[in-house]
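Colleague: Residue 353 in the UniProt record's numbering is what sits at position 175 of the sequence shown, and the numbering runs on without skipping anything. Even for Gly, the Cβ is constructed at its ideal location relative to N, Cα and C.
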Amino acid sequence: LGAGPLAGRRVLVTSGPTHEPIDPVRYIANRSSGAQGTALAAALRDLGARVIFVTGPASVPPPVGVELVRVETAQEMMAAVTAALPADAAIFAAAVADWRVANAAGSKMKKQAGGPTLEFAENPDILATVSRMEKGRPRLVVGFAAETDRVVDHACAKRARKGCDWIVANDVSPGTGIMGGTENAIHLVTEDGIEDWPRLGKDEVARRLAQRIADRLA
Ligand code: C5P
Numbered sequence: 179l180g181a182g183p184l185a186g187r188r189v190l191v192t193s194g195p196t197h198e199p200i201d202p203v204r205y206i207a208n209r210s211s212g213a214q215g216t217a218l219a220a221a222l223r224d225l226g227a228r229v230i231f232v233t234g235p236a237s238v239p240p241p242v243g244v245e246l247v248r249v250e251t252a253q254e255m256m257a258a259v260t261a262a263l264p265a266d267a268a269i270f271a272a273a274v275a276d277w278r279v280a281n282a283a284g285s286k287m288k289k290q291a292g293g294p295t296l297e298f299a300e301n302p303d304i305l306a307t308v309s310r311m312e313k314g315r316p317r318l319v320v321g322f323a324a325e326t327d328r329v330v331d332h333a334c335a336k337r338a339r340k341g342c343d344w345i346v347a348n349d350v351s352p353g354t355g356i357m358g359g360t361e362n363a364i365h366l367v368t369e370d371g372i373e374d375w376p377r378l379g380k381d382e383v384a385r386r387l388a389q390r391i392a393d394r395l396a
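1) Return yes when at least one heavy atom of the ligand C5P lies under 8 angstroms from the C-beta of Asp331, else no.
2) Could you check whether the segment 281–301 touches the segment 190–207, counting it as contact only if at least three pairs of C-beta atoms, one from each stretch, sit closer than 8 angstroms?
3) Around the ligand C5P, what residues have a beta-carbon under 5 angstroms from a heavy atom of it, in chain order?
4) For a test of the three-state rule: what should DSSP assign to Val383, helix, strand or coil?
5) Which same chain residues, not among the five before or five after Arg390, have their C-beta less than 8 angstroms away from its C-beta?
6) Under 8 angstroms: do the segment 234–245 and the segment 293–307 share three or more Cβ pairs, one atom per stretch?
7) Per DSSP, which residues does Ala267 bridge with? Please list them.
8) Can you check DSSP and say which residues form a bridge with Trp277?
9) Can you tell me where the alpha helix (DSSP H) holding Thr368 begins and where it ends?
10) At the level of alpha carbons, what is the spacing between residue 397 and Val346?
11) For the candidate residues Pro195, Ala275, Leu225 and Ala219, whose alpha-carbon lies nearest to that of Ala396?
12) Classify Arg337 as helix, strand or coil using the three-state DSSP reduction.
13) Relative to the C-alpha of Pro302, which residue among Ala181, Ala258, Gln253 and Gly292 is closest?
14) So Ala221 packs on Gly194, CB below 8 angstroms; how close in whole Å?
15) Just list the residues that DSSP pairs Ile206 with in beta bridges.
16) Within the continuous beta strand (DSSP E) that includes Ala347, where are the two ends?
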C-alpha cells in the first residue's frame, strides 16, 4: 500500500477539452490545454491517491502513475466517469463542450455553396449529474469555473446551480495569460466561504488544492 494522506483513496479527475465531430475529419473544440487538470492529478497521486484520469485530447501529456482513460467527446467523458465511479472525490477540471453537432455526417462533407448548416444538441452536464447522484455520490465533488467578469459571483451561483461542494474559479480574461499559460490565480469557493489565492504556478495551485482535498477527506 502507498503512503501519504490520500493512500487508499480513489480520486477521479476530468481534464482537457472535448472534441465534438462535424464529420469524420472535422471537429469543434476549445482552447483548454489540460495543464491545470494534469497538474492536479499528479499532485493527488503524489499524496498517495489512486487517480482515475479521464482526459479529452489535451495538448500536455498525461501524468504517469494514474489510471488513464482517453476520451474524445462529452458523451464519451460522461460514460467514462460513470464507469469509473465510485470514488471518494471527483474533480471536474475538463472544459467540456456544452453542445455537440446533432447532424454530424458519417462521411466527409463535400464543399458546397453557402456552406453547411450545423445543428446543435446539448451535451450532458457531467459535474451536475455526479453532484446530484442520490446513490454513490463522491464525498467531495469539485467543479471549475472559468470566467471573464464578476468571477466570484458567477462561481457562487455555479456552485449552487450544479450542486457541487467546491468551485475553483479563475479569471480567464484575455491579458491574464491564464488560459494556456503556466500560472493561475484562483478563488476557492467552499461551504465555508471564499478564499482569494495569490497568483501561483499551476503546479503550486495543484499542490495546495490536493492538500486541501486530503484535509477534507481525512
Ligand atoms: O457550466 P460551466 O461549463 O461553466 O461549468 C464548468 C464546470 O462544469 C467544470 O467543472 C466542468 O468540468 C463542468 N462541466 C461538466 N460537463 C459539462 C459542462 C461543464 O462536467 N457538460
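Modeller: Let me spell this out:
1) Residue mapping note: residue 331 aligns to position 153 of the sequence shown, counting from 1. Result no, Cβ not under 8 angstroms from the ligand C5P.
2) For the pair of segments examined, the segment 281–301 was found to touch the segment 190–207: the number of CB pairs separated by less than 8 angstroms reaches three.
3) Phe270, Ala272, Val274, Asn301, Asp303, Ile304, Leu305, Gly321 and Phe322
4) Numbered from its first residue, the sequence shown carries residue 383 at position 205. Note: Val383 maps to helix in three-state DSSP.
5) Your numbering for residue 390 matches position 212 in the sequence shown. Here the set comprises Leu366.
6) No, the segment 234–245 does not touch the segment 293–307.
7) Counting from one through the sequence shown, the residue named residue 267 turns up at place 89. Per DSSP, Val189 and Leu318.
8) Sequence index remark: in the sequence shown, residue 277 carries index 99 (1-based). According to DSSP, which records beta bridges pairwise, Trp277 is partnered with Glu300.
9) One-based indexing of the sequence shown puts residue 368 at position 190. Taken as a continuous stretch (DSSP letters only), Thr368 belongs to no alpha helix (DSSP H), being part of the beta strand (DSSP E) at Ile364 to Thr368.
10) The first residue shown for the chain is 179 and the last is 396, placing residue 397 beyond what the model contains.
11) Looking up residue 396 in the sequence shown gives position 218. Looking at the Cα atoms, Leu225 is the closest of the given residues.
12) In the sequence shown, the residue the question calls residue 337 occupies position 159. Three-state result, Arg337: helix.
13) Mapped onto the sequence shown, residue 302 falls at position 124. Measuring from the Cα of Pro302, the nearest candidate turns out to be Gln253.
14) Looking up residue 221 in the sequence shown gives position 43. Looking up residue 194 in the sequence shown gives position 16. Actually they do not touch by this definition, with Cβ atoms about 17 angstroms apart.
15) On the sequence shown, position 28 is the one that residue 206 refers to. Beta-bridge pairing links Ile206 to Glu198.
16) In the sequence shown, counting from the first residue as 1, residue 347 sits at position 169. Where Ala347 is concerned, the enclosing beta strand (DSSP E) starts and stops at Trp344 to Asp349.
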